[in-house]
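Participant:
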Amino acid sequence: MKTVSRITLLRIFPGFLLLTFLAQIVAAQAPIQYFRQYDQRGIGVFETSKNDTIPFNDLKLRVGGNFTQSFQTLSHSNDSGVPLYDLGNGFPLAHANLNLDFQLADGVRVNLISYMSSHHHNEMWVKAGYFQIDKVSFLNSALLNSLWKNLTLKIGHMEINYGDAHFRRSDGGNAFWNPFIENNILDAYTTEIGAELYWQKNGFLLMGGMTNGEIQGSVTAPDKRSPSVYGKVGYDKVLAERTRVRLTGSLLRKSSSVNGTLFRGDRTGSNYQFVMEPASATVTANAFSGRINPNFSDDVTTFVINPFVQFRGLELFGTVEFAEGNTAVENGEVQYTPAANDATKFNKLEKRKFDQLAVDLLYRFGKADRFYVGARYNKVSGTQAFRTSTTAATAGGISQGARLDVSQERTAFGGGWFITRNILLKGEYVTQKFNDYPAGDILQGGKFDGFVFQGTIAF
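Numbering (my numbering), first residue to last: 41 to 499.
(1) Whole-angstrom Cβ separation of Gly330 and Trp217, contact assumed at under 8 angstroms?
(2) Pro132: buried (16+ other C-beta within 10 angstroms of its C-beta) or exposed?
(3) Are three or more beta carbon pairs between the segment 371-387 and the segment 315-329 nearer than 8 angstroms?
(4) When the Cα atoms are used, what is the spatial distance from Leu394 to Met250?
(5) Is Phe405 helix, strand or coil when you go by DSSP?
(6) With DSSP run on the structure shown, which of helix, strand or coil describes Ser177?
(7) Can you list, in chain order, the residues of its chain whose CB lies under 6 angstroms from that of Lys487, leaving out five sequence neighbours each side?
(8) Can you tell me the Cα-Cα spacing of Val470 and Pro123, whole angstroms?
(9) Measure the alpha-carbon distance for Gln424 versus Leu292 and round it to whole angstroms.
(10) Using a Cβ-Cβ cutoff of less than 6 angstroms, which residues in the same chain neighbour Gly121 once the five nearest sequence positions on both sides are dropped?
(11) Going by beta carbon distance, what residues of the same chain come within less than 6 angstroms of Phe351, once the five residues before and after it are set aside?
(12) In this structure, does DSSP put Asn185 in helix, strand or coil?
(13) Determine the DSSP secondary structure at Gly486, reduced to helix, strand or coil.
(14) How is Phe394 classed by DSSP in three states: helix, strand or coil?
(15) Counting only runs of 4+ residues fully inside the segment 283-332, write out the alpha helix (DSSP H) ranges in chain order.
(16) How many angstroms separate the CA atom of Leu483 from the CA atom of Gln69?
(17) Could you check which residue in Gly422, Ile233, Asn106 and Asn185 has the C-alpha nearest to that of Gly305?
(18) Only counting the same chain, and skipping five residues up and downstream in sequence, which positions put a Cβ closer than 7 angstroms to that of Val44?
(19) Whose CA, out of Gln73, Thr496 and Phe493, lies closest to the CA of Val150?
(20) Write down every uninterrupted run of the beta strand (DSSP E) in the segment 197-224 whose length is 3 residues or greater and which is fully enclosed by it, in chain order.
(21) Do Ala168 and Ala205 have their CB atoms nearer than 8 angstroms?
(22) Please state whether the Cβ-Cβ distance between Glu370 and Asn299 is less than 8 angstroms.
(23) Since Gly248 sits in a beta bridge, which residues does DSSP pair it with?
(24) Per DSSP, which residues does Asp141 bridge with? Please list them.
(25) Use the C-beta contact count for Arg286: other C-beta atoms within 10 angstroms, 16 or more gives buried, fewer gives exposed.
(26) Between the Cα of Gly84 and the Cα atoms of Arg209, Trp239, Gly130 and Gly257, which residue gives the shortest distance?
(27) Just the C-alpha distance for Asp79 and Ile195, rounded to the nearest angstrom, thanks.
(28) If we ignore side chains and look at the alpha-carbon of each, how far apart do Gln440 and Arg461 end up?
(29) Report the option in Leu354, Tyr238 and Thr113 whose CA atom is closest to the CA atom of Asp409.
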């Protein structure tokens, strides 16, 4: 804990002072086109619209940031007897983001986000950077200008647009758009190198994307790598004042990858620090507490439906998700080398499946919706492979694992207060159970519960 405190003092608080100083600069900055605000104005925003409301005058730079500090009073237990981390009440390591947005030309902008500190990467770490092109006047083509009234192109190393939950999740220091403390148990989020093309008109949305299928670039032989191909179709319409409906469906397909990260692409970590982690846990090595990773890298197919409804102060957001896939060893792609002197052959196994249901129900009230209360229910169930191994040069070193059906179930009740549109104080009571894990596993009969509070700023 002394190490964490030292990191907090030396890295986080100076970062907070820097962000506070930069906030004074932001007020005088020119607005960016086709842009999602990082503060309260960004809540309820999914894809940026095609509304052309900001004229282009010259090159612009917008400097922004996010800072989030939590206080947690969580306790955990299990039935396996495996020692758990000695949890106490306290302040987890804080998160901070640095956001740079550039207006390079009319309808052309660049976004670059860096994590200044997080649970997984205490050091500064670049999240992603991408171009977003909403106008193509630089091509001097009347036809393309006409087409681009409804088109948007994003290209770069970016957060992929699979599903809608990633628009509402906490992302390092950016916890402003998430009405609760943590993300979904099955957290579909990753950053990959590729491109996405959007078409939007009269509330209808079509999107197709292709990426390298990995969280980072590589120039090694691509035997184990293939692109991720995905798409989204949806409808989003404001029916009357404070009445809005949105429904989207997203599909993603990937044949193989070295490190499939759709459900473990987060580089910042959980907001429930050290729950259900071993006694020897560290901030960086055990950063994703309270989540489930199906470990899909090959033959991955995922589909998610996201409804979103607003009626006056009421707000409903849902996630219904179906995912299936395997690892390379389960697909029979890992076989013994001659040096192992083991004649055992491994066949391709049936794909494992995971399903997720998540529902957020909120009520926002007060002037400018400054207050809200809400509840969240989240359940994930699926077949997990335990104790797989891939030591191909040693006899008996390969195992396709033991498959068991497991589930995790979380309920959270919370609320928040927007002190200003840039400052949010929120908290929740959460309970989560871990069901049907094998004897001797640290999650066998696992449970955690308690309160978490967060103060977060965004500009």
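Cβ atoms here follow ideal geometry from the backbone N, Cα and C, with glycine treated the same way.
Everything numeric in this text was worked out from a predicted model, so none of it was measured.
Facilitator: So, from the data block:
(1) Between Trp217 and Gly330 the Cβ distance is about 19 angstroms, and since that is not below 8 angstroms, they are no contact.
(2) buried
(3) no
(4) The question names Leu, but residue 394 is Phe in the sequence shown. Rounded to whole angstroms, Phe394 to Met250 spans 23 angstroms at the Cα level.
(5) strand
(6) helix
(7) Ser117 and Lys473
(8) 22 angstroms
(9) 20 angstroms
(10) none
(11) Thr283
(12) helix
(13) coil
(14) strand
(15) none
(16) 49 angstroms
(17) Ile233
(18) Confidence in Val44 is poor, its pLDDT being 41 and thus under 50, which makes the residue's placement unreliable; the coordinate value appears in the next sentence. Contacts found: Leu133 and Val323.
(19) Gln73
(20) none
(21) no
(22) no
(23) Leu237 and Gly271
(24) Arg102 and Asn151
(25) buried
(26) Arg209
(27) 24 angstroms
(28) 51 angstroms
(29) Leu354
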